[in-house]
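Numbering (my numbering), first residue to last: 46 to 213.
Think of the CB as a built atom: it goes at the ideal place given N, C-alpha and C, for glycine as much as any other residue.
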């Protein structure tokens, strides 16, 4: 089943983020990590149509022109000096979606996703999707505990309005 939790837990989910959850729920049988061993790109491919229908721009491949670049730094004449890539981005540029698979916890990819979203210009929300089952481990709960600790400790204040964690 699809699991999700929004952080901080003192706030609810906005409608544009609910659309992302709906995309995962609609495609659960195709991406269920307990039954399928899909890469993050394969999961994203199965979600592509529904995310696009929900007005998200979705990465189509690994070449530069197929990636979604979100500005980080601007230079002379407002030219983009630095950008980070996103798997999907809401049409207004406020919500970044990152779909992870095996590297989510083992390589701390979710931490890189958080850092990059915090650096992206005008981004308010991050959606991180991780496997519920990765080699018998529960990546969703591992990231959940990390985010819960981050928000409860209040020692690091993120510039994002919130993070949605999805387990697929």
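Start and end residues, beta strand (DSSP E) containing residue i
i: residue 113; result: 113-119
i: residue 149; result: Here residue 149 belongs to no beta strand (DSSP E); instead the alpha helix (DSSP H) covers 148-151.
i: residue 108; result: It is not in any beta strand (DSSP E) - residue 108 carries neither H nor E in the DSSP assignment.
i: residue 49; result: 48-52
Short Cβ contact (8 Å threshold) for residue i with residue j
i: residue 89; j: residue 144; result: yes
i: residue 115; j: residue 141; result: yes
i: residue 207; j: residue 60; result: no
i: residue 159; j: residue 133; result: no
Exposure label - residue i; buried when at least 16 CB within 10 Å
i: residue 55; result: exposed
i: residue 79; result: exposed
i: residue 91; result: buried
i: residue 97; result: exposed
i: residue 111; result: exposed
i: residue 104; result: buried
i: residue 155; result: buried
Proximity to residue i [Cα-Cα], best of the options
i: residue 125; options: 65, 95, 165 and 105; result: 165
i: residue 84; options: 130, 148, 181 and 120; result: 148
i: residue 183; options: 156, 158 and 151; result: 151
Residue i: CB within 7 Å of a non-hydrogen atom of the ligand MG
i: residue 129; result: Among the ligands in the structure shown, none appear at all, so the ligand MG cannot be discussed.
Chain B within 8 Å of residue i, Cβ atoms only
i: residue 179; result: You won't find chain B in this structure, because it holds only one protein chain.
Could you check whether the region 178-192 touches the region 101-119, counting it as contact only if at least three pairs of C-beta atoms, one from each stretch, sit closer than 8 Å?
no
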